[in-house]
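Each residue of the sequence shown is one higher than the last, beginning at 9 in the working numbering.
Beta carbons: idealized from backbone N, C-alpha and C, even for Gly.
Just so you know, these numbers come straight off a predicted model, no measurement behind them.
Have a look at the structure below, then the notes.
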Amino acid sequence: MYVVWLHIERAVESLSKEILTIQAKGDKEAAGLLLHKYCVMTEPPKIALKKLENIQV
Numbered sequence: 009m010y011v012v013w014l015h016i017e018r019a020v021e022s023l024s025k026e027i028l029t030i031q032a033k034g035d036k037e038a039a040g041l042l043l044h045k046y047c048v049m050t051e052p053p054k055i056a057l058k059k060l061e062n063i064q065v
C-alpha cells in the first residue's frame with residue numbers, strides 16, 4: 009500500500025476551499041450539510057460525552 013501525496017494535497021486543498029467559502033458566506037445550511045457528509049462520531053467519544061452531560065458547571 010502506498011500514498012499518492014499529490015491526491016492528498018488536492019483533496020486537502022479542495023476541502024479547505026469548501027470550508028473557507030462556507031465560513032466566508034456564513035452559510036449555516038451548507039455547514040450543516042458538510043458536517044453531515046464528513047463527520048462521524050465513533051462510540052468512545054459518544055460514551056465520554058454522555059458521561060459529561062450531568063456534570064455541574
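About 6 Å separates the beta carbon of I30 from that of L42, a gap short enough to meet the 8 Å contact definition. Distance from the CA of E26 to the CA of A39, rounded to the nearest whole angstrom, comes to 10 Å.
E61 carries a coil assignment under DSSP once its states are collapsed to helix, strand and coil. In the three-state DSSP reduction, G34 falls in the coil class, being neither helix nor strand.
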